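Working notes for the structure below.
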Amino acid sequence: MHDKEQSVSYLDYKGKHSGIFAWILSTDHKRIGLLYLMASLLFFAVGVTFGFLMRLELIAPGRTIMDAQTYNSLFTLHGIIMIFLFVIPGLPAVFGNFFLPILIGAKDVAFPRLNLLSWWLYVLGALLAVISVFLPGGPADTGWTFYIPYSIRSTTNVMPALIAAFILGFSSILTGLNFIVTIHRMRAPGMTFFKMPLFAWSLYATAWVQILATPIIGITLLLVTIERMFGVGLFDPALGGDPVLYQHLFWIYSHPAVYIMILPAMGVVTEIIPVFSHRTIFGYKFIAFSSCAIALFGSMVWAHHMFTVGMSETAQVIFSLLTFLVAIPSAIKVFNWVATLYKGSISTDAPLLYALGFIFLFSIGGFTGLIQGALSVNMHIHDTSFIVAHFHYVMFGGTGFGIFAAMHYWFPKMFGKMYNMKTAKVGFWTLFVGFNTLYFPMFVMGWLGMPRRYFDYLPEFQIYHFISTIGSWILIVGLIIMFTNFIKALRSKTSYTNINPWSGETLEWTVPNKPPLENFEVIPTITAGPYEYKDNDEILTKEDN
Amino acid sequence: MIYGSNHIDLVNDAFWFITGISALLLFVITFLMIYFVFKYNRKKGKKAVNIEGNTKLEILWTVIPVILVMAMFWYGWIGYRDLKNPPKDAMIVKVTAQMWKWTFEYDNGVKADSLYVPVNRAIQVNLHSLDVNHSFFIPAFRFKRDVLPNKNNSIWFLPANVGKFDIACAEYCGLSHSAMYSKVIVLPQQEFDNWLKTELVKKNASVTQSSAVNRK
Amino acid sequence: MSVVAEHISEHVHRDDLGSRMGIWLFLFTELVLFGGMFLVYAVYRFTYQQEFHVAAKELNTLIGTLNTLILLTSSLTMVLAIVAIRKDNKFLSIFFQVITIFLAFGFMVNKYFEWMAKIHHGIYPGSETLLAKGNGEILFFGLYYVMTGLHGLHVLIGMVLIGVMTRFTMKGTVNSDKYIHLEAAGLYWHLVDIIWIFLFPLFYLIT
Amino acid sequence: MNEDHLQHTIEHKPTYGIYILVWLVLLMLTGVTVAVAGINFGNITVATALTIAIVKSYLVLTFFMHLKAETATFKLFVGVALLFLLISIALLFSDYSFL
């Protein structure tokens, strides 16, 4: 190892390869994280565009800008892209890759080459999903759930989409595997499990879900593929197969997948709140264990997506009961976050705004989850736009805002540049208002009986659809403000040299901005917990200057 | 919305019970967040206090939510139990779903495009699908039930008022999913009997062309 | 560079325990992958008990038993290959590895004849003979082909892996000090064996 | 860290004998399960066959896969994976075995 390399930033060092190969063949966890970031933001833009077009179509009843087939393909692609290409990798693969090794004082993840392989699988899966759009037959129109028997009858390109999801699942498994071994084996001396930053804890719990649940969707999608190719009959009701069994298997993964998406976002919020309150986290162990509890209970509630399929009464009761219980660890987290603000010294910079926005929106998502967990109410609101609103509050208001929070929080560390704080706040408020205008009306119309995945609707719902579409425009303005702010910062020539802009205590704030290859010159020895602030007086004087 | 069926009260009660508690908690959480952000703002120059946690408080805010959600579960369950068990004397209608229409068939063989039912009489619908998954959804009655091939689901309701209500398909079923609407038409007993009688006569008149019977 | 950092750096590049941990985690994903299929099997077996009973009689228990013995023995030779390399007996290790591949090949040959016999009798997904049977039997044979097929695919992958290891052992990349790769292949091979341990009674014995 | 370095080796004295013994037991169990399959135990036929399969895979896991010599963490890991499968099957059957 040459000393010279040590001091050069991860963006600039010269490795074995040059040009684009220095990136796409790099095993450096930071470069891979950045590759994931760029790819997933690209797909986010595509997903947003699809969402925008669907909302535009729904501004008035009847055909507005597209036909029903296009609409059906759009919501399928919107789902596949947003879930598999943006929300699932958005935090673990992007920020987990970039910051997990730094947070625990390691030079890289445990298996750097495997890490690169997982990015390549991601790209391969993504390409396949893109190709499926352009092949003859047209993009898949099954919804992202690929429910049998429609998915074996549809003449659209379901197969490439299935295989894409399969490959993306594999990529996700490899990331999870890497993180578990990294956390077990690569912590800096002195960093016990209970001295780890809570983001690492949340990634740890997530990784277990990734490893254990993802293969189920893998095999399920594989079976659907085989079903389409050979007509084996494993799910096809015409041959005695059970379409409900397909749904069970699908949700055994896809419900825990929700926790793959939300847990790391909770982890980010848990990092941000103590830093911006400049005091220690309230109830460290409770938050850490609640992550594990969510991962555990989260894999036991899948069938609450299926209350209307006619399961046995026993199953209905068990799954409803467990669904209510899974809310408890999330509630514990929320209470601890709020308690962390108490008697802090709070600085309301953009990352904190996003974190608090997360708490508010995620709480709405969580509470409306309770409403659906109640069996009798579920009979009414299942598969209505109430559900659509609920999971967008969780996935977008929760994970999406978590990702935005992480971007604002770690931006100066990743790029050595600083964005304009005022613009960032304006961006936040626009997004926040747009988000609620977009999704809240869906609760109302869902309760009034507007089914989801509808290309057309009864005139009585028009006012809500109209408001919602207006909301989508505000939301997009918010996104544009946020991203132009970032781009401006990236293009500015002044580099930002303050390595600890938020006065954090975790390890990433001890390394230079744009950390060098292998992150640390000397691996630190850890003696204190991640949020033990000792300079509570200094921070105030610093703020004055 | 017009008062439609027996399930409405139970569903609405559970819904508003959970929504009420949730709204209250959401308000408390949001209020505290905003209050703390202003009260302990760094600009006010107050020194932060490191509070590691409080086990008593943790137990408190674990136990109370557990009790609350158990109550919510109970509310949801009793409403569902009611929906699940039809009375023995329920009138049975066979519902067949296919891409993208509903057919309703009565005991005497009469078929219709809309679901005609007498008011104040328990109706049990047996659900069959000819192709893919559908879901039999009557928003005004507050319930739905999936209609799956190879699986015979059923559900019951008791229409409490005369009127016309929408039947929607709530499980995505392809191109014209959103057009798969029908009506449940609740008639006074007398009118319903008349309707059934006329339809039967029509049916017998043109046994071979049963599809023509559906026009009324 | 400081002493501490060098120590860590070495630690990063050579952590056999970490590697084994990674392999085990990977095995879990394989386990759950098959676990998903076992879930499907369990549900259909429960739903169509009688028809599964009838269908299972058509499978040849003798071939199944033979394949079980072959696979168990190959597991033994695999583990012996690791013992041998740890005792620095390169030749013996290579010998055991080749035997393992040979046994795996035997398994596949057996499997091939078994499948061919079934297909010859017109029992394969979508065939008229099969479609004429009850739903339970269609499902049984559907599961039979998919599960043993997927298992067979794993056997093939295992053969390739062990073949690569044999080459590594010859070259000396795998040696008495550094045999983690061979061990990884071994763990994978044993998992393939475990899955067969369950497939065998579920398809051939429970009649 | 020193402990970790010791963990490079799975166990300290590799021997052939134990594995051959385990192999013999596995062969024997295979014989038993085939023999027993001929007898009609009624409802417990499945249970018998599965029990023997579980014993066999336990042996493979413990000895062939060296789980016995691994740290507690590994055993816990295996436990977590099996627990996940168990939960899945138990909850899945809450739908199928009660109607």
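Sequence lines, in order, name chains A, B, C and D. Residue numbers for the first sequence follow my numbering, beginning at 13 and rising by one. Residue numbers for the second sequence follow my numbering, beginning at 138 and rising by one. Residue numbers for the third sequence follow my numbering, beginning at 7 and rising by one. Residue numbers for the fourth sequence follow my numbering, beginning at 14 and rising by one. Where a beta carbon is used, it is the ideal one built from N, C-alpha and C, also for glycine. Note that the structure is a prediction, hence the values are computed from the model and not measured.
- [ ] Leaving out five residues on either side along the sequence, give the residues of the same chain with a beta carbon under 7 Å from the beta carbon of P453 of chain A.
- [x] Numbered from its first residue, the first sequence carries residue 453 of chain A at position 441. Only Y476, I479, S480 meet the Cβ criterion.
- [ ] Would you mind telling me which residues of chain A sit closer than 9 Å to V91 of chain D, beta carbon to beta carbon, in chain order?
- [x] Mapped onto the fourth sequence, residue 91 of chain D falls at position 78. By Cβ distance, chain A contributes nothing, its closest Cβ being about 12 Å from V91 of chain D, past 9 Å.
Task: Interface residues of the stretch 190 to 202 of chain A facing chain C [CB-CB below 9 Å] - done: N190, I192, V193, T194, H196, R197, M198, A200, P201
- [ ] Could you give the DSSP three-state label for I139 of chain B: helix, strand or coil?
- [x] In the second sequence, counting from the first residue as 1, residue 139 of chain B sits at position 2. Below a pLDDT of 50, predicted positions are generally treated as unreliable, and I139 of chain B, at 44, falls in that range; the measurement from the model is reported next regardless. The answer is coil: DSSP assigns I139 of chain B none of H, G, I, E or B.
TODO: Taking D81 of chain A as the query, report the chain B residues whose CB atoms sit under 8 Å from its CB, ordered along the chain.
DONE: As a position in the first sequence, residue 81 of chain A is number 69, starting the count at 1. Looking at the sequence shown, residue 81 of chain A is not Asp but Gln. Per Cβ cutoff of 8 Å: L312.
Open item on the list: What are the residues in the stretch 103 to 129 of chain A lying within 8 Å of chain C by C-beta distance?
Closed with: A118, K119, D120, A122, F123, L126
Open item on the list: Please report the straight-line C-alpha distance between M207 of chain B and L333 of chain A, rounded to a whole angstrom.
Closed with: As a working mapping, residue 207 of chain B is identified with position 70 in the second sequence. As a working mapping, residue 333 of chain A is identified with position 321 in the first sequence. About 8 Å.
Open item on the list: Beta carbons nearer than 8 Å to chain A: which residues of the stretch 265 to 277 of chain B have them?
Closed with: D268, V269, N270, S272, F274, P276, A277
TODO: At 4 residues or longer, and completely inside the stretch 119 to 156 of chain A: list those alpha helix (DSSP H) runs for me, N to C.
DONE: 124 to 146
Open item on the list: Using a Cβ-Cβ distance cut-off of 8 Å, determine whether I94 of chain D contacts chain A.
Closed with: Along the fourth sequence, one-based indexing puts residue 94 of chain D at 81. Position check: residue 94 of chain D holds Ala in this sequence, whereas Ile was assumed. Yes, its Cβ sits closer than 8 Å to a Cβ of chain A.
- [ ] Select from D:L98, D:L104, D:S110 the residue whose C-alpha is nearest the C-alpha of F34 of chain C.
- [x] For the purposes of this step, residue 34 of chain C is identified with residue 28 of the third sequence, where counting begins at 1. Taking only the C-alpha atoms, the option nearest F34 of chain C is D:L98.
Open item on the list: Out of B:E189, B:Y177, B:T167, which one is the CA nearest neighbour of I543 of chain A?
Closed with: Taking the first sequence and counting its residues from 1, the one referred to as residue 543 of chain A is at position 531. For clarity, residue 543 of chain A is Tyr in the given sequence; the question names Ile instead. The residue with the shortest Cα to Cα distance from Y543 of chain A is B:E189.
Open item on the list: Does N169 of chain A come out as helix, strand or coil in the three-state DSSP assignment?
Closed with: Position 157 of the first sequence, counted from the first residue, corresponds to residue 169 of chain A. If DSSP states are grouped into helix, strand and coil, N169 of chain A belongs with the strands.
Task: Proximity below 8 Å, CB of L246 of chain A to CB of V85 of chain C - done: As a working note, residue 246 of chain A is residue 234 in the first sequence. As a working note, residue 85 of chain C is residue 79 in the third sequence. No.
Task: Buried or exposed by the 16-neighbour rule on C-beta atoms within 10 Å, applied to A315 of chain A - done: Stepping through the first sequence from its first residue, residue 315 of chain A is reached at position 303. That one is buried.
Task: Proximal residues to K69 of chain D (C-beta, below 7 Å), its chain only, five neighbours per side dropped - done: Along the fourth sequence, read from residue 1 onward, the residue named residue 69 of chain D stands at position 56. L39, L42, listed in sequence order.
Open item on the list: So F178 of chain A contacts chain C; which residues on that side make the cut at Cβ distance below 9 Å?
Closed with: Within the first sequence, numbered from 1, the residue matching residue 178 of chain A stands at position 166. Within 9 Å Cβ-Cβ: nothing; F178 of chain A doesn't reach chain C, min ~11 Å.
TODO: Measure from the alpha carbon of P528 of chain A to the alpha carbon of each residue in A:F111, A:L224, A:L387, then state which is nearest.
DONE: Along the first sequence, one-based indexing puts residue 528 of chain A at 516. Checked all of A:F111, A:L224, A:L387; the closest Cα to P528 of chain A is A:F111.
Open item on the list: Could you tell me the alpha carbon to alpha carbon distance between S342 of chain A and I306 of chain A, rounded to whole angstroms?
Closed with: In the first sequence, counting from the first residue as 1, residue 342 of chain A sits at position 330. In the first sequence, counting from the first residue as 1, residue 306 of chain A sits at position 294. Their Cα atoms are separated by approximately 7 Å.
TODO: Pick helix, strand or coil for S38 of chain A, following the three-state DSSP scheme.
DONE: Looking up residue 38 of chain A in the first sequence gives position 26. Reduced to three states, the DSSP call for S38 of chain A is coil.
Open item on the list: Report the CB separation of G216 of chain B from L261 of chain A in whole angstroms; it is logged as a contact under 8 Å.
Closed with: Taking the second sequence and counting its residues from 1, one reaches residue 216 of chain B at position 79. Taking the first sequence and counting its residues from 1, one reaches residue 261 of chain A at position 249. G216 of chain B to L261 of chain A, Cβ: 29 Å. No contact.
Task: Contacting positions in the stretch 97 to 110 of chain D - beta carbon closer than 7 Å to chain A - done: F97, I100, S101, L104, L105, S107, D108
Open item on the list: Check for me: the beta strand (DSSP E) holding I52 of chain D runs from which residue to which?
Closed with: The sequence position of residue 52 of chain D within the fourth sequence is 39, counting from 1. No beta strand (DSSP E) contains I52 of chain D, which DSSP labels as neither H nor E.
Task: Meets three-Cβ-pair contact criterion under 8 Å: the stretch 137 to 150 of chain A and the stretch 163 to 183 of chain A - done: yes
- [ ] Keeping to the same chain, check which residues put their C-beta closer than 7 Å to that of T154 of chain A; ignore five residues upstream and five downstream.
- [x] Sequence index remark: in the first sequence, residue 154 of chain A carries index 142 (1-based). The residues are T88, Y162, S163, S166, V170.
Open item on the list: Between which residues of its own chain and G385 of chain A is the CB-CB distance below 8 Å, once the five residues before and five after are set aside?
Closed with: On the first sequence, residue 385 of chain A is found 373 positions in, with the first residue counted as 1. Contacts found: H316, S332, T335, F336, A339.
Task: Euclidean distance between Cα positions of T435 of chain A and C306 of chain B - done: Here residue 435 of chain A corresponds to residue number 423 of the first sequence, with the count starting at 1. Here residue 306 of chain B corresponds to residue number 169 of the second sequence, with the count starting at 1. C-alpha separation (whole angstroms): 45 Å.
Open item on the list: Beta-carbon within less than 6 Å of I322 of chain B's beta-carbon, same chain only, minus the 5 sequence neighbours each way: which residues are those?
Closed with: Looking up residue 322 of chain B in the second sequence gives position 185. Correct list, in chain order: S251, Y253, K301.
Open item on the list: Strictly by DSSP, which residues pair up with L264 of chain B?
Closed with: Working through the second sequence from its first residue, we reach residue 264 of chain B at position 127. B:V232, B:N290, per the DSSP bridge assignment.
TODO: Tell me where the alpha helix (DSSP H) around F496 of chain A begins and ends.
DONE: On the first sequence, residue 496 of chain A is found 484 positions in, with the first residue counted as 1. Here residue 496 of chain A turns out to be Thr, not Phe, going by the sequence shown. Its alpha helix (DSSP H) spans residues 474 to 503.
Task: Contact between the stretch 179 to 191 of chain A and the stretch 102 to 117 of chain A (3+ Cβ pairs under 8 Å) - done: yes
Open item on the list: Mapping the DSSP letters down to three states, classify S272 of chain B as helix, strand or coil.
Closed with: The sequence position of residue 272 of chain B within the second sequence is 135, counting from 1. In this structure, S272 of chain B counts as strand in the three-state DSSP scheme.
Open item on the list: Counting C-beta neighbours from all protein chains within 10 Å, is the total for T194 of chain A 16 or more, i.e. buried, or is it exposed?
Closed with: Counted from its first residue, the first sequence places residue 194 of chain A at position 182. With 16 or more Cβ atoms within 10 Å of its Cβ, T194 of chain A is classed as buried.
- [ ] Determine the direct distance from the alpha carbon of D468 of chain A to that of N73 of chain C, and round the result to whole angstroms.
- [x] Working through the third sequence from its first residue, we reach residue 73 of chain C at position 67. Working through the first sequence from its first residue, we reach residue 468 of chain A at position 456. Their backbone Cα atoms lie some 58 Å apart in a straight line.
TODO: Scan the stretch 53 to 97 of chain D and note each continuous beta strand (DSSP E) run of 3 residues or more that stays entirely inside, going in chain order.
DONE: none
TODO: Would you verify that the beta carbon of F288 of chain A is, or is not, closer than 8 Å to some beta carbon of chain C?
DONE: In the first sequence, counting from the first residue as 1, residue 288 of chain A sits at position 276. Not an interface residue.
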